[in-house]
Amino acid sequence: MSPSFAQANPFARRDTHPIQAIWTYKICTIISWLLVVVVTFYYNFHAPQDDKHSWRHTIWEQNKIHHTPFAMNAFIASFYWLFLFILQIGYVLHLFSDEAEHVSAAASVGSHFIVNNLFQFAFVMLFVRSHFIWAEIMLIINFINLSSLYFRHSTTPRFIHMPATSGPLAWIFVALYWNGAIAVGAHNLAARIVANVAIWGILVYGLFFLAVYKDYTMGFALSIITAAIGVGQFFTKVFALQWIFAFAIMGTLFLATLVIVIPGIFGKEISFRRDSSPLASEDRERAPLLDNN
Numbered sequence: 034m035s036p037s038f039a040q041a042n043p044f045a046r047r048d049t050h051p052i053q054a055i056w057t058y059k060i061c062t063i064i065s066w067l068l069v070v071v072v073t074f075y076y077n078f079h080a081p082q083d084d085k086h087s088w089r090h091t092i093w094e095q096n097k098i099h100h101t102p103f104a105m106n107a108f109i110a111s112f113y114w115l116f117l118f119i120l121q122i123g124y125v126l127h128l129f130s131d132e133a134e135h136v137s138a139a140a141s142v143g144s145h146f147i148v149n150n151l152f153q154f155a156f157v158m159l160f161v162r163s164h165f166i167w168a169e170i171m172l173i174i175n176f177i178n179l180s181s182l183y184f185r186h187s188t189t190p191r192f193i194h195m196p197a198t199s200g201p202l203a204w205i206f207v208a209l210y211w212n213g214a215i216a217v218g219a220h221n222l223a224a225r226i227v228a229n230v231a232i233w234g235i236l237v238y239g240l241f242f243l244a245v246y247k248d249y250t251m252g253f254a255l256s257i258i259t260a261a262i263g264v265g266q267f268f269t270k271v272f273a274l275q276w277i278f279a280f281a282i283m284g285t286l287f288l289a290t291l292v293i294v295i296p297g298i299f300g301k302e303i304s305f306r307r308d309s310s311p312l313a314s315e316d317r318e319r320a321p322l323l324d325n326n
């Protein structure tokens with residue numbers, strides 16, 4: 034990659050950012066974040082006024098009308114997003130911090146965060162208008178964006194990592210199931226059997242981040258979203274298996290997350306690697322998600 038291209042590429046990794054770029058991140062981050070917040074809150078309570086009348090519903094009306102094996106409890110899922118929005122306020126404020134390290138850390142993920150906001154905005158606009166195939170495409174592209182962010186910036190401090198990376202990524206991963214099931218009309222017996230198997234992918238996904246990155250933020254996030262699925266399925270399909278599987282996955286992820294968190298509180302750390310060399314020990318001591326950044 035040529036130096037000129039790397040300099041122009043907004044997704045390139047940088048140790049420092051020019052003041053003009055910082056101001057660009059500040060403006061674009063605030064605008065894109067407000068766009069998502071306003072649209073999400075509005076369509077929680079109001080249906081769109083354009084498109085075909087039978088297609089127009091609020092976010093949670095769509096969830097209720099198209100009750101697939103991944104339909105969620107509206108209260109828990111809304112709580113998750115409200116909590117994530119609050120955390121993202123903290124992320125935005127770090128762009129205005131007097132600490133250069135905080136500004137640099139926030140700016141390093143700024144391009145991906147802005148793109149995430151734009152795709153999340155597009156997803157909501159399409160979802161409430163029943164354009165589920167296009168909404169799924171938005172989710173897939175955003176999943177690639179956030180996955181790239183995670184693997185390229187996995188060492189960012191917690192106050193950046195949770196609101197900008199792991200929180201949105203956990204939601205997007207489960208939303209692929211949620212919206213995808215609606216898009217294909219997963220209501221018959223065969224679809225429910227496939228869903229009973231597919232839901233375990235959430236457990237595998239969460240355990241991957243817990244084992245490889247010791248990322249308890251991803252574990253907690255997926256636990257909450259899976260709980261939303263479990264409660265949503267329990268109140269409508271008591272005699273089905275999906276709610277049982279969802280609660281089993283939630284409990285497993287939560288306990289596995291505690292296994293990571295509790296030793297870190299007391300200055301210890303669970304290692305899933307057999308390497309005991311001094312360099313490996315130093316790396317584990319600097320685990321970014323368990324230190325006091």
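Be aware that the sequence shown starts at 34, since it is given in my numbering, and climbs by one per residue. Glycine included, every Cβ here is placed at the ideal spot set by N, Cα and C.
Using 8 Å as the threshold, is the C-beta distance between residue i and residue j below it?
i              : j                 : result
leucine 236    : isoleucine 282    : yes
histidine 79   : threonine 91      : yes
glycine 157    : alanine 197       : Just to set this straight, residue 157 is valine in the shown sequence, not glycine. Not closer than 8 Å, so no.
leucine 126    : tyrosine 58       : no
glutamine 266  : proline 102       : yes
valine 72      : phenylalanine 154 : yes
asparagine 229 : glutamine 275     : yes
asparagine 212 : alanine 168       : yes
tyrosine 238   : valine 294        : no
methionine 171 : phenylalanine 152 : yes
arginine 225   : alanine 289       : no
isoleucine 232 : alanine 279       : yes
serine 163     : tryptophan 88     : yes
leucine 286    : serine 256        : yes
glycine 234    : leucine 243       : no
Nearest CA to the CA of residue i: which residue from the options?
i                 : options                        : result
serine 144        : His135, His164, Phe268, Thr62  : Thr62
serine 65         : Ser187, Ile147, Ala140         : Ile147
phenylalanine 116 : Trp233, Phe268, Met195, Thr188 : Met195
phenylalanine 112 : Val245, Ala254, Thr290         : Ala254
isoleucine 193    : Phe118, Met171, Leu68, Phe287  : Phe118
threonine 269     : Ile174, Lys85, Phe74, Ile98    : Ile98
isoleucine 166    : Ile215, Tyr76, Leu67, Ile232   : Ile215
phenylalanine 74  : Glu132, Trp114, Gly284         : Trp114
valine 136        : Ala231, Ile122, Lys247, Ile55  : Ile55
leucine 247       : His164, Glu134, Thr188         : According to the sequence shown, residue 247 is lysine rather than leucine. Looking at the Cα atoms, Thr188 is the closest of the given residues.
isoleucine 186    : Glu94, Ala138, Phe287, Trp93   : The residue you asked about is not isoleucine; residue 186 is histidine in the sequence shown. That would be Ala138, whose Cα lies nearest to the Cα of histidine 186.
asparagine 150    : Ala133, Leu240, Val70, Thr285  : Val70
leucine 209       : Ala133, Asn175, Glu132, Glu134 : Asn175
aspartate 83      : Ile173, Arg191, Ser130, Leu159 : Leu159
alanine 110       : Phe241, Ala133, Asn77          : Asn77
glutamine 375     : Ile258, Val245, Ala133, Leu67  : Nothing can be reported for residue 375, as the shown portion of the chain is limited to 34 through 326.
isoleucine 60     : Asp131, Glu134, Ala140         : Ala140
proline 190       : Glu134, Pro296, Ile258, Ser130 : Glu134
valine 161        : Val227, Phe241, Lys85, Gly123  : Lys85
Look up residue i in the DSSP assignment and say whether it is helix, strand or coil.
i                 : result
isoleucine 232    : coil
glutamine 82      : coil
glutamate 134     : helix
arginine 191      : helix
histidine 145     : helix
isoleucine 52     : helix
threonine 62      : helix
isoleucine 163    : A small fix is needed here, since residue 163 is serine in this sequence, not isoleucine. Looking at serine 163 - three-state DSSP - the assignment turns out to be coil, as it is neither helix nor strand.
asparagine 325    : Note that asparagine 325 has pLDDT 46, beneath the 50 cutoff, so the model's placement of it is unreliable and the number below is only indicative. The answer is coil: DSSP assigns asparagine 325 none of H, G, I, E or B.
methionine 283    : helix
proline 196       : helix
threonine 91      : coil
threonine 101     : coil
glycine 123       : helix
alanine 273       : coil
glycine 239       : helix
tyrosine 246      : coil
phenylalanine 206 : helix
phenylalanine 305 : With a pLDDT of only 41 at phenylalanine 305, under the threshold of 50, the placement of this residue in the model should not be trusted; the figure read from the coordinates follows. The answer is coil: DSSP assigns phenylalanine 305 none of H, G, I, E or B.
glycine 213       : helix
leucine 222       : helix
phenylalanine 129 : coil
asparagine 178    : helix
asparagine 96     : helix
asparagine 150    : helix
phenylalanine 253 : helix
asparagine 106    : coil
arginine 317      : Legend: pLDDT at arginine 317 = 46, less than 50; position of this residue unreliable, value from coordinates given subsequently. Arginine 317: helix per DSSP, three-state reduction.
isoleucine 262    : helix
phenylalanine 268 : coil
Exercise. Looking at C-beta atoms only, is the number of pairs between the region 170 to 188 and the region 196 to 206 that lie closer than 8 Å three or more?
Worked result: yes
Exercise. Do the region 252 to 262 and the region 104 to 113 make contact, defined as three or more Cβ pairs closer than 8 Å?
Worked result: yes
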